[in-house]
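Okay, structure first, notes after.
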Amino acid sequence: MGKVIVVTSGKGGVGKTTSTAALGAALARGGQNVVVVDFDVGLRNLDLVMGAERRVVFDLTNVVQGTVKLSQALLLDERLDTLYLLPASRTRGKEALTEDGVARVISELRDQFDWVICDSPAGIERGAILAMRFADEAVVVVNPEVSSVRDSSRILGLLDFKPLKAETGGRLERHLLITRFDPARVACGEMLSVDDIREVLPVPLLGIIPESEDVLRASNLGAPITVCGRESAVSRAYVDAARRINGEWIEMTVPCENKSLLTKLLGRRAA
Amino acid sequence: MNHFIQTPVGSAPVARARLQSLLEYDRSLISHADLLSVLREEIFALIGRHAGIDANKVHFMVVRGSTTATLTVDIEIPFRVRPTDPVCV
Chain Y
1159 MGKVIVVTSG KGGVGKTTST AALGAALARG GQNVVVVDFD VGLRNLDLVM
1209 GAERRVVFDL TNVVQGTVKL SQALLLDERL DTLYLLPASR TRGKEALTED
1259 GVARVISELR DQFDWVICDS PAGIERGAIL AMRFADEAVV VVNPEVSSVR
1309 DSSRILGLLD FKPLKAETGG RLERHLLITR FDPARVACGE MLSVDDIREV
1359 LPVPLLGIIP ESEDVLRASN LGAPITVCGR ESAVSRAYVD AARRINGEWI
1409 EMTVPCENKS LLTKLLGRRA A
Chain V
83 MNHFIQTPVG SAPVARARLQ SLLEYDRSLI SHADLLSVLR EEIFALIGRH
133 AGIDANKVHF MVVRGSTTAT LTVDIEIPFR VRPTDPVCV
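So the sequences go chain by chain: Y and V. Heads up, the working numbering is the position in the first sequence plus 1158, with the first residue counted as 1. Heads up, the working numbering is the position in the second sequence plus 82, with the first residue counted as 1.
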């Protein structure tokens, strides 16, 4: 029986899709069977970040509605042979996903994979609730920024009672993933610190992902950052986070870019 | 040269203060929602003891003002009051 993880945040653009792809690929690189599921019906992006957009024929909605089999919609990653993608529909509305249908598909995925990672749409509406409905664990992605922290606080509230696991008396395991973190800005008092964020969002920290140009580069290339930018600080931070999800204890650090002395002397690149 | 001259206090403390007040506001809204559900339940039970009312025909509305809120309750009470009462033919 695999574990179902929802990657959620409330606010859009904080790095849910990047994190879903990066964590999925990192777990798959460790030899585990992983499927990443795009719940963002109508605005699918996970296929783009994974570089699989040209191969999408069927999607989650087709499988939920029972028009195609799960195996027909699953796409095998071109680089990792234990990583699969279940894309979202680009044309159908969110209403096309029924709770019973999603329950059936998640249960099938749970049987086939070690990890089912669900990329939630932004917001706190039906789509986001459906993405967290059958999860065992949640990764709450947050940026060190007022609106993102506030929205994540609301999401934590919803995670207390919306998932089936919470409804039936259980408690979802929750993790906090801080993305786009810039230690230099924190040091000069221009960014919320890790402690500031954790004071508002008191859940175990899964990782601190530094702000980096490498994320855009990976997105341009259409590959998870943990596949195409393996040596980057971002990739190392995601790999550590994936190992923590897997139950390993790894010391929490803020990874730094390996900058040359010259770069340091000339000052930081403009963010 | 700007790299060496830093303002003593950055914007992070401002962000922290704004975040705190936002969260206080969010929490007050949530406790308001709890109050509404308690009121709804108790009023429904009270009237239900005397008249058979349909849960779908009960409307609760709260209009928030700056210092107070107004609660409007709209309940449809049928003439034939209790479903258990004998029906006259």
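Note that beta-carbon positions come from the ideal geometry of N, C-alpha and C, so glycine has one too. Computed from a prediction, not measured in an experiment: that's the story for all the values here.
Cα-Cα separation between Y/THR1166 and Y/LYS1174, rounded to whole angstroms: Using only the alpha carbons, I get a separation of about 6 angstroms.
Closest Cα partner of Y/ARG1402 within the set Y/LEU1185, Y/GLY1189, Y/GLY1168: Of the listed residues, the one whose Cα sits closest to Y/ARG1402 is Y/LEU1185.
Residues from the region 97 to 108 of chain V in contact with chain Y, defined by Cβ distance under 9 angstroms: Result list: ALA97, ARG98, ARG100, LEU101, GLN102, LEU104, LEU105, ASP108.
Three CB pairs or more closer than 8 angstroms across the region 1312 to 1324 of chain Y and the region 1345 to 1355 of chain Y: By the C-beta criterion, the region 1312 to 1324 of chain Y is judged not to be in contact with the region 1345 to 1355 of chain Y, since fewer than 3 inter-stretch pairs fall below 8 angstroms.
Y/LEU1374 classed as buried or exposed, judged by whether at least 16 other C-beta atoms fall within 10 angstroms: Answer is exposed; the Cβ neighbour count stays below 16.
Proximal chain Y residues relative to V/SER93, where beta-carbon distance stays under 9 angstroms: Residues of chain Y with a Cβ closer than 9 angstroms to the Cβ of V/SER93 are, in chain order, GLY1347, GLU1348, MET1349.
Distance between Y/ARG1268 and Y/MET1159 (C-alpha atoms, nearest Å): Between Y/MET1159 and Y/ARG1268, the C-alpha separation is close to 6 angstroms.
Burial state of Y/THR1240, where buried means 16 or more other Cβ atoms lie within 10 Å: It is buried - the Cβ of Y/THR1240 has at least 16 other Cβ atoms within 10 Å.
Y/THR1256 - containing alpha helix (DSSP H), residue span: That residue, Y/THR1256, is in no alpha helix (DSSP H); it is neither H nor E in DSSP.
Beta-carbon spacing of Y/LEU1218, Y/SER1247 below 9 angstroms: With respect to the 9 angstroms criterion, Y/LEU1218 and Y/SER1247 are classified as neighbours on the basis of their beta carbons.
C-alpha gap between Y/VAL1215 and Y/GLN1230, whole angstroms: Distance between the alpha carbons of Y/VAL1215 and Y/GLN1230 is about 9 angstroms.
Selection from Y/ARG1308, Y/ARG1291, Y/GLY1188, Y/VAL1352 that minimises the alpha carbon distance to Y/LYS1238: In the sequence on display, residue 1238 of chain Y carries Leu and not Lys. The shortest Cα separation from Y/LEU1238 among Y/ARG1308, Y/ARG1291, Y/GLY1188, Y/VAL1352 belongs to Y/GLY1188.
Supposed close pair Y/PRO1368, Y/PHE1339 - CB separation, criterion 8 angstroms: The beta-carbon separation of Y/PRO1368 and Y/PHE1339, rounded to 5 angstroms, stays under the 8 angstroms limit for a contact.
Assigned secondary structure, Y/THR1411 (DSSP; H/G/I helix, E/B strand, else coil): Per DSSP, reduced to three states, the secondary structure at Y/THR1411 is coil, with no helix or strand assignment.
Residues sharing a beta bridge with Y/HIS1333, DSSP: In the DSSP output, where bridge partners are listed per residue, Y/HIS1333 has Y/VAL1297.
Assigned secondary structure, V/MET143 (DSSP; H/G/I helix, E/B strand, else coil): In the structure shown, V/MET143 sits in a strand (DSSP, three-state: E or B).
Beta-carbon proximity check, Y/VAL1178 vs Y/ILE1275, cutoff 9 angstroms: The residue asked about is misnamed: residue 1178 of chain Y is Thr in this sequence, not Val. The criterion of a C-beta distance shorter than 9 angstroms is satisfied by Y/THR1178 and Y/ILE1275.
Best match in Y/ILE1336, Y/ALA1296, Y/ARG1250, Y/GLN1270 for proximity to Y/ILE1163 [C-alpha to C-alpha]: If we check each option's Cα against that of Y/ILE1163, Y/ALA1296 comes out closest.
Chain V contact for Y/SER1311 (CB, 9 angstroms cutoff): Under the Cβ criterion of 9 angstroms, Y/SER1311 is counted among the residues facing chain V.
Closest by C-alpha distance to Y/LEU1234, when choosing among Y/ALA1180, Y/ASN1404, Y/ASN1191: Here the closest residue by C-alpha is Y/ASN1191.
Nearest to Y/ASP1353 (by Cα), restricted to the options Y/GLY1387, Y/VAL1207, Y/GLU1303: It is Y/GLU1303 whose Cα lies nearest to the Cα of Y/ASP1353.
Close-in-space but distant-in-sequence residues of the same chain around Y/LEU1395 (CB under 7 angstroms, 5 per side omitted): Position check: residue 1395 of chain Y holds Ala in this sequence, whereas Leu was assumed. Same-chain partners within the cutoff: GLY1365, ILE1366, ILE1367, PRO1368, PRO1413.
Residue-chain proximity (Y/GLU1303, chain V), Cβ-Cβ < 9 angstroms: Y/GLU1303 counts as touching chain V.
Min CB distance Y/ARG1308 to chain V below 9 angstroms: Between Y/ARG1308 and chain V, the shortest Cβ-Cβ separation is below 9 angstroms.
Sub-9 angstroms separation of V/LEU105 and Y/ARG1308 beta-carbons: A contact, by the Cβ cut-off of 9 angstroms.
Inter-residue Cα distance where the pair is V/PRO160 and V/LEU111: The alpha-carbon separation between V/PRO160 and V/LEU111 amounts to approximately 34 angstroms.
Closer than 8 angstroms: Y/TYR1396 CB and nearest the ligand SAM heavy atom: Looking for the ligand SAM in the displayed structure turns up nothing, as the structure carries no ligands at all.
9 angstroms Cβ cutoff, Y/ASP1474 in contact with chain V: This structure gives no information on residue 1474 of chain Y, because the portion of chain Y shown stretches from 1159 to 1429.
Three-state secondary structure (DSSP) of Y/LEU1359: If DSSP states are grouped into helix, strand and coil, Y/LEU1359 belongs with coil.
Chain V within 9 angstroms of Y/ASP1318, Cβ atoms only: Chain V contact via Cβ: absent.
Y/HIS1333 burial status per 10 Å Cβ neighbour count (16 or more: buried): It counts as buried.
Integer Cβ distance of Y/SER1370 from Y/VAL1392, believed to fall under 8 angstroms: About 5 angstroms separates the beta carbons of Y/SER1370 and Y/VAL1392, which is inside the 8 angstroms limit, making them a contact pair.
Which of helix, strand or coil DSSP assigns to Y/SER1177: Correct three-state label for Y/SER1177: helix.
Residues of the region 1350 to 1362 of chain Y whose Cβ lies closer than 8 angstroms to any Cβ of chain V, in chain order: Cβ contacts with chain V come from LEU1350, SER1351, ASP1354, VAL1358.
Beta-carbon contacts of Y/ASP1372 that lie in its chain and below 7 angstroms, excluding the five residues immediately before and after: Leaving aside the five residues that flank Y/ASP1372 on each side, the residues in its chain whose CB is nearer than 7 angstroms to its CB run, in chain order, ILE1383, GLY1387, SER1390, VAL1392.
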